[in-house]
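Participant:
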Amino acid sequence: MADADPHIVAKDLTMAYGDFLIQQNLNFEIQRGEVFIIMGGSGCGKSTLLKIMIGLKSPKVGDIYYDGKAYWASPEPEQTQMKRKFGTLFQSGALWSSMTLAENIGLALKQYTDLSDAEILEVASYKLSLVGLAGFEDFYPSEISGGMAKRAGLARGMAMDPDILFFDEPSAGLDPISAKLLDDLILELRDSLGTTVVVVTHELESIFAIGDNCVFLDPVTKTQLATGNPKALRDHSPNYEVRNFLLRGTAPKEANVA
Amino acid sequence: MSSATLAADDSAAGTLRVALAGDWLLGHGLPGADPVLDRLRQAPKPASVAFDTGALGDWDTGLVTTLIHIHKSAEANSVQVDASGLPEGARKLIDLAFAVKEREGARRSEECKSLLQQVGEGTLEVLEGGRELLAFTGELVLSVGRYLRGKATYLRSDVFLHIQEAGADAFPIVSLISFLIGAIFAFVGVMQLNLFGAGIFTANLVALAMVREMSAIMTGIIMAGRTGAAYAAQIGTMKVNEEVDALSTLGINPMDFLVTPRVIALILMLPLLALYASLMGILGGMIVGLVMLDVSLVQYVQQTISAVGLNSLFGGLFKALIYGILVALAGCQQGMACGSSAMAVGQCTTQAVVRGIVLIVVSASVLTIIYINLGI
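As they're listed, the protein sequences go chains A and B.
So the first sequence is numbered by our numbering: it starts at 25 and just counts up by one.
So the second sequence is numbered by our numbering: it starts at 7 and just counts up by one.
(1) So with Cβ pairs under 8 Å, would you call residue 178 of chain A a contact of chain E?
(2) For residue 10 of chain A, which residues does DSSP report across the bridge?
(3) Can you give, in chain order, each stretch of the alpha helix (DSSP H) that sits fully within the region 158 to 235 of chain B and has at least 4 residues?
(4) Residue 150 of chain B by DSSP, collapsed to three states: which one?
(5) Please list, in chain order, all residues of the same chain as residue 33 of chain A whose beta carbon is under 6 Å from its beta carbon, the five residues on each side excluded.
(6) Would the beta-carbon of residue 195 of chain B fall within 8 Å of that of residue 276 of chain B?
(7) Quick check on the DSSP output: what are the complete alpha helix (DSSP H) runs of length 4 or more inside the region 30 to 72 of chain B, in order along the chain?
(8) For the region 108 to 182 of chain A, which segments carrying the beta strand (DSSP E) assignment without a break, of at least 3 residues, lie completely within its bounds, in sequence order?
(9) I'd like to know whether the C-beta atoms of residue 238 of chain A and residue 61 of chain A end up nearer to each other than 8 Å.
(10) Can you tell me whether residue 41 of chain A is buried or exposed? The criterion is at least 16 other CB atoms within 10 Å of its CB, across all chains shown.
(11) Should residue 248 of chain B go down as buried or exposed, given a rule of 16 or more other Cβ atoms within 10 Å for buried?
(12) With distances taken from CA atoms, which of A:234, A:79, A:157 and A:203 is nearest residue 288 of chain A?
(13) Below 9 Å between beta carbons is the criterion; list the residues of the region 235 to 252 of chain B that meet it against any residue of chain A, in chain order.
(14) Expressed to the nearest angstrom, what Euclidean distance is found between the alpha-carbon atoms of residue 156 of chain B and residue 146 of chain B?
(15) For a contact meaning CB atoms closer than 8 Å, what does residue 254 of chain B contact in chain A?
(16) Is it buried or exposed, residue 150 of chain A, if we count other Cβ atoms within 10 angstroms and call 16 or more buried?
(17) Quick check on DSSP: helix, strand or coil for residue 49 of chain A?
(18) May I have the straight-line CA-CA distance separating residue 189 of chain B from residue 262 of chain B, to the nearest angstrom?
(19) Please list, in chain order, all residues of the same chain as residue 271 of chain A whose beta carbon is under 8 Å from its beta carbon, the five residues on each side excluded.
(20) Let me know the secondary structure DSSP gives residue 34 of chain A once reduced to three states.
(21) Could one say the Cβ of residue 257 of chain B lies closer than 8 Å to chain A's Cβ atoms, at least one of them?
(22) Determine the chain B residues that contact residue 107 of chain A at a beta-carbon separation under 8 Å, and present them in chain order.
(23) Could you compute how far the alpha carbon of residue 282 of chain A sits from the alpha carbon of residue 170 of chain A?
(24) Does residue 44 of chain A come within less than 8 Å of chain B when only Cβ atoms are used?
(25) Do we get a CB-CB distance below 8 Å when we pair residue 159 of chain B with the residues of chain A?
(26) How long is the line joining the alpha carbons of residue 58 of chain A and residue 159 of chain A, rounded to whole angstroms?
(27) Of the residues that make up the region 108 to 121 of chain A, which ones have a beta carbon closer than 8 Å to any beta carbon in chain B?
(28) Just checking: is the beta-carbon of residue 220 of chain A within a distance shorter than 8 Å of some beta-carbon in chain B?
(29) Report the rounded CA-to-CA distance for residue 162 of chain A versus residue 155 of chain A, giving the unit in angstroms.
(30) Among B:82, B:86 and B:68, which has the Cα closest to the Cα of residue 57 of chain B?
(31) With contact counted as at least three CB pairs below 8 Å, one residue from each stretch, are the region 335 to 354 of chain B and the region 370 to 379 of chain B in contact?
(32) From the DSSP secondary-structure annotation, give me the bridge partner or partners of residue 187 of chain A.
(33) Should residue 132 of chain A be flagged as near chain B, meaning a C-beta pair shorter than 8 Å?
(34) Taking 8 Å as the CB-CB cut-off, is residue 124 of chain A touching chain B?
(35) Counting contacts by CB-CB distance shorter than 8 Å, is residue 39 of chain A in contact with chain B?
Okay, structure coming up:
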């Protein structure tokens, strides 16, 4: 949090599948070390926005700036360079099923560092222990539960000590306690590593527990309705849709802009 | 349990009274709502519909769907519905069903396409498929270039695993099929050639057929069904699980990591398997020949050796190499193009096998014409 410049900036982002418009005119800033939530109702394009941010799908208009550098305007080698600073946890973990957990974590290290196999294994064990999976190095993804697969996916995302961690619906499919533990883990990692965290979710409890800042995407108007601290938006947003979402559909029609 | 009945009573002025009695349970021969629906359409229309359910027994979805029918028809004919006579549960369920209006455009209409349109769309699809395969081939060539320059990301152990799966593991099925094909050729050859007293030429027939054509084509088809399908299913499932996306986000090219090792494995293994299949076919033919013909082992072997030139051998192996590329291409391309559901994995696997076999047969014909012109 040393420099005041925002870590990630989205400028005039429009995303579409062919001619089918998903969202347009998205503009938001994410500060270093912040937990940023992308939220909105089902089908509003949250996951698509995440795909654009991690370089899987190109936006129709606009760009994402990392430390002031446009991702999609950069040539491919530089994109690969920038991608190395990202860690991603996919919705189902997306662990490579033909590799053990240690191999899953070690692949990026093997690829991008000169570490020996023994050192890689050591790093993998350490990352697994960070997410509470010490001793599971030689397990295959099919041999562990869904919650464990998510945590292992997080360990893989952290393998390269990323600057930014992306989470796609981290609490989907988890029981309340595991979801809470994962939220705590996200906060702890942010606090101890200073990582910027971007989370796609619509779990209100998570949003309020971990979110510093957020953007609310609306599927009807196809643009963002609000950005800011989720709790502040819940209590004071002038926009009824946003408050209603954050209050589980129980918001009064009149805004309480106190 | 009493059977369900429905009676429409028109006697009260302006009100159609519908009496529902008995147990209204799905699958127990419910009466339709037709008497009520017919009455609602006839003039003079009643002002409202009311229900008597004093004798109604058990009920489930069967009752509610009938009531929804009546409701809709009443609405269409602008007749009031007085639901107060219905059981409270049923009334709430009906309210719930009507609470959210049907979204416009959500209901799919069955569209009947003309034959011409279907043929046109089918043709466009085939062309699109060909274009995709070409584009994929281009990407594969680029990936091979990265391999040659040592810039590709892959696991060496993966390549060996694929080589084992596409090579040694295929031995039993390839042995069985090629042995039997050789034996069948020999049977046919012995029967026909003995008519001219030229039974010994069975050895030529079997050896040439196996080495030049059959071993490559049979191995190709076996591998399309066995390994091409496996490639499509593996990569397709990885796609569904976002595993392919996970590779991309690490800056690892999925072509380099997933596709090229598989293609390399098949390119290396198919010619070797075809060579082995030729041997098995000749062996099968020999056993039949020795049993049915009056020749010695040495004679048969001599005849076989004299029949097969190096041209034939390398011609056959080159064909196998081409089939290997085609099978791997079809399998991997379908896997990478797979949609994101279990259904899509099934479809891409089927397509991989179908395309693999079509490509093999088409290229076999083309290659044979080329060989004839080159005099091989």
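Just so it is clear, CB atoms sit at the ideal spot from N, CA and C, and this is done for glycine as well.
Since the structure is predicted, the reported quantities are computational estimates derived from the model, not experimental observations.
Facilitator: The structure says:
(1) Protein chains in the displayed structure are A and B, and chain E is not among them.
(2) No answer is possible for residue 10 of chain A: it lies beyond the span of chain A, which begins at 25 and ends at 282.
(3) 162 to 172, 177 to 200, 208 to 214 and 221 to 229
(4) helix
(5) 53 and 89
(6) no
(7) 40 to 47
(8) 110 to 113
(9) Taking 8 Å as the cut-off, the Cβ atoms of residue 238 of chain A and residue 61 of chain A count as close.
(10) exposed
(11) buried
(12) Because chain A here runs from 25 to 282, residue 288 of chain A falls outside it and cannot be looked at.
(13) Within the region 235 to 252 of chain B, the qualifying residues are 240, 243, 244, 247, 248, 249, 250, 251 and 252.
(14) 15 Å
(15) Against chain A, a Cβ distance below 8 Å from residue 254 of chain B picks out 79 and 80.
(16) With fewer than 16 other Cβ atoms within 10 Å, it is exposed.
(17) If DSSP states are grouped into helix, strand and coil, residue 49 of chain A belongs with the strands.
(18) 42 Å
(19) 258
(20) strand
(21) yes
(22) 255, 256 and 257
(23) Per-residue confidence for residue 282 of chain A stands at a pLDDT of 45, beneath the threshold of 50, marking its modelled position as unreliable; no derived number is given.
(24) Nearest CB-CB separation between residue 44 of chain A and chain B: not below the 8 Å threshold.
(25) yes
(26) The alpha-carbon separation between residue 58 of chain A and residue 159 of chain A amounts to approximately 31 Å.
(27) 108, 110, 112, 114, 115, 116, 118, 119, 120 and 121
(28) no
(29) 16 Å
(30) B:86
(31) No, because fewer than three Cβ pairs between the region 335 to 354 of chain B and the region 370 to 379 of chain B fall closer than 8 Å, the two stretches do not touch.
(32) BP columns for residue 187 of chain A are empty, so no partner.
(33) yes
(34) no
(35) no
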